[in-house]
Amino acid sequence: MRILDKYIFKELLGPFVFGVGAFSSIFIGGGTLYRIAQYITQYGAGVDIVIKLFVYSLPEIIVMTFPMSMLLASLMSFGRLSSSSEIIAMKSGGISFYRLTAPVFVAALAVSIFSMVFSEKVVPQSKAAYNNLVRYEIEKNTKPRSQEHIVIKEVDQGSLERLTYARRFEESDSTMYGITIQEFEADKLVRVENAEKAIWQGSQWIMQNGVIHDLSTEGKVQRSLQFDKQIMPVDKNPQSISTAQKKAEEMSISELKQYIKTLKREFVKSGKYETELHQRITIPMASLVFAMIGAPLGLQPHRTSSSIGLGLSIIIIFAYYTVMTIFNALGQGGAIYPMLAAWIPNLAGIIAGVFLIRKASR
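Numbered by this note's numbering, the letters in the sequence shown go through residues 4 to 365 in order.
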């Protein structure tokens, strides 16, 4: 690594760490602490639970602040180098603008990759732990629930063995409605069972008014058998099924893909989950997009004050997340394709970044 690269990395590090701390504080002060205060006043949550809530809320907040911090770091670091005429000295030595910004883009790409891995491995688990803590420890909400689009996945030695779907689940009367069971052998679909409903009786589920289809290796129906009653090959009790269901933000990418595939097979709208799936990539990648915008903007004539850099960061961040929120709602509602809805903010940022980079390099 050259001395120039180390120097620019060092310039980026301070503002980036400051940005993570500053923007995290804004999120925590603006929402997390308010909700925690409500849990204390309304439900009398103890200190140990409050600490757990705070810790569980941090991963999601940190992931959201990475792109913001990368924007602030690139703006302020290049603004400082420019204001002290170091950029002029570097260019006088024959160093191009593209070479100067290369360490910024490398750092931003590394942050994006780390953020993507972190949001896949840590954030869903912390989000699920946070929601369960609120529901069962604070609100003491153990009353039976009514849920839609239940999916139960059974895996044996890494291979999908059975996938059970129910359009609606009423925990109050231990009944599932609109049952579809898909059974697999060597990752191939071999049997499909459909039933009007399934009722928990004793220690097993009993399906009623259904049909079983045995499939050939080509996926064609070989044999069909109707039944009035049939034991359902699922050994989870109603409470276990209820607690095992996850929200979109609690699922990993692989779980989201499987859930989306199941919903589409049942002709159920999956826009919410598809948008969440693509945002698992687009939000971390925003670090690279923001670096493309921040580095050239740091060279503008109004660079003399660091407060200008912070102000520009806030304006750009506000614009980005406003666009993201609007298109996220459109994608979830099915007005536009979820993939397009998730990527539009980044595509707009990339176009703006390319324009600013070309302008600054002249």
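Glycine included, every Cβ here is placed at the ideal spot set by N, Cα and C.
Beta-carbon separation (whole angstroms), Gly-222 vs Ala-198, contact threshold 8 Å: Actually they are not in contact, since the Cβ atoms of Gly-222 and Ala-198 sit about 21 Å apart, beyond 8 Å.
For Leu-192, collect the residues of the same chain with a Cβ closer than 8 Å to its Cβ; drop the 5 residues on either side in sequence, then sort them by chain order. Contacts found: Gln-185, Glu-186, Leu-218, Gly-222.
Using a 10 Å radius around the Cβ and a threshold of 16 neighbouring Cβ atoms, would you call Tyr-59 buried or exposed? buried
At which residues does the alpha helix (DSSP H) containing Gly-352 begin and terminate? 341 to 364
Just curious, the beta strand (DSSP E) that Phe-230 is in, first and last residue? 224 to 235
Spatially closest choice to Met-235 from Met-288, Ile-317, Asp-8, Val-195, by CA coordinates: Val-195
Give the DSSP bridge partners of Phe-187, in chain order. In the DSSP output, where bridge partners are listed per residue, Phe-187 has Leu-192.
Minimum C-alpha distance to Leu-300 - residue among Tyr-42, Leu-74, Leu-56: Leu-74
Between which two residues does the beta strand (DSSP E) containing Asn-212 stretch? 207 to 218
Note the first and the last residue of the continuous beta strand (DSSP E) segment covering Phe-81. Segment 50 to 86 is the alpha helix (DSSP H) holding Phe-81; no beta strand (DSSP E) there.
Measuring CB to CB, does Ala-355 end up less than 7 Å from Phe-100? no
Figure out for me which residue from Tyr-323, Glu-142, Phe-358, Glu-14 has the closest Cα to the Cα of Met-295. Phe-358
Taking all protein chains shown into account, decide if Tyr-42 is buried (16 or more other Cβ within 10 angstroms of its Cβ) or exposed. buried
Determine which residues share a DSSP beta bridge with Asp-2 and list them. The requested residue 2 is not part of the displayed model; the chain covers only 4 to 365.
Looking only at its own chain, which residues have a Cβ that is under 7 Å from the Cβ of Arg-148, when we skip the five neighbours before and after it? Glu-174, Ser-245
Contact under 7 Å by Cβ, Val-23 with Thr-68: yes
Could you check whether Ser-80 and Pro-18 sit closer than 7 Å to each other, using their CB atoms as the reference points? yes
Within the same chain, show all residues whose beta-carbon is closer than 7 Å to that of Trp-203, passing over the 5 residues directly before and after it, in chain order. Ser-177, Asn-240, Pro-241
Of the listed residues Ser-255, Tyr-262, Ala-92, nearest to Glu-151 (C-alpha basis): Tyr-262
Under the three-state reduction of DSSP, which class applies to Ala-201: helix, strand or coil? strand
Would you identify the three-state DSSP class for Arg-306, choosing helix, strand or coil? For Arg-306, the predicted structure reports a pLDDT of 45, less than 50, and the residue's modelled location is therefore unreliable. A value from the coordinates is still provided. Looking at Arg-306 - three-state DSSP - the assignment turns out to be coil, as it is neither helix nor strand.
To the nearest whole angstrom, what separates the beta carbons of Phe-108 and Leu-291, a pair I think is in contact under 8 Å? 7 Å
Can you tell me which residues form a DSSP beta bridge with Thr-167? Ile-155, Ile-184
Which whole-angstrom value describes the C-beta separation of Ile-116 and Tyr-46, a residue pair presumed to lie in contact below a C-beta threshold of 8 Å? Actually they are not in contact, since the Cβ atoms of Ile-116 and Tyr-46 sit about 40 Å apart, beyond 8 Å.
Can you have a look at Glu-279 and say buried or exposed, based on whether 16 or more other CB atoms are within 10 angstroms of its CB? buried
Apply the 10 Å Cβ neighbour rule to Ile-39 and answer buried if 16 or more other Cβ atoms are within range, or exposed otherwise. Buried, because 16 or more other Cβ atoms sit within 10 Å of the Cβ of Ile-39.
With burial defined as no fewer than 16 other Cβ atoms inside 10 Å of the residue's Cβ, what is the status of Ser-118: buried or exposed? Ser-118 counts as buried, since at least 16 other C-beta atoms from the protein chains shown sit within 10 angstroms of its C-beta.
Return yes when the Cβ of Gln-335 is within less than 7 Å of the Cβ of Gly-297, no when it is not. With a cutoff of 7 Å on beta-carbon distance, Gly-297 and Gln-335 are scored as not near each other.
Less than 7 Å separating the beta-carbons of Phe-270 and Pro-70? no
Can you tell me which of Met-210, Ala-48, Phe-57, Ala-332 puts its alpha carbon nearest to the alpha carbon of Gly-32? Phe-57
Go ahead and pull the three-state DSSP assignment for Ser-118. Under the three-state reduction of DSSP, Ser-118 is assigned to helix.
How about Ser-27 and Ile-52: are their beta carbons less than 7 Å apart? no
Please work out which residues of its chain come closer than 8 Å, Cβ to Cβ, to Lys-260, disregarding the five sequence neighbours upstream and downstream, and give them in chain order. Leu-280
Inter-residue spacing [alpha-carbon to alpha-carbon] between Glu-1 and Ala-110: It is not possible to answer for residue 1, since the shown part of the chain is limited to 4 through 365.
Proximity to Gly-181 [Cα-Cα], best of Arg-171, Arg-283, Ala-332, Tyr-10: Arg-171
How would you call Gly-352, buried or exposed, if buried means at least 16 neighbouring beta carbons within 10 angstroms? buried
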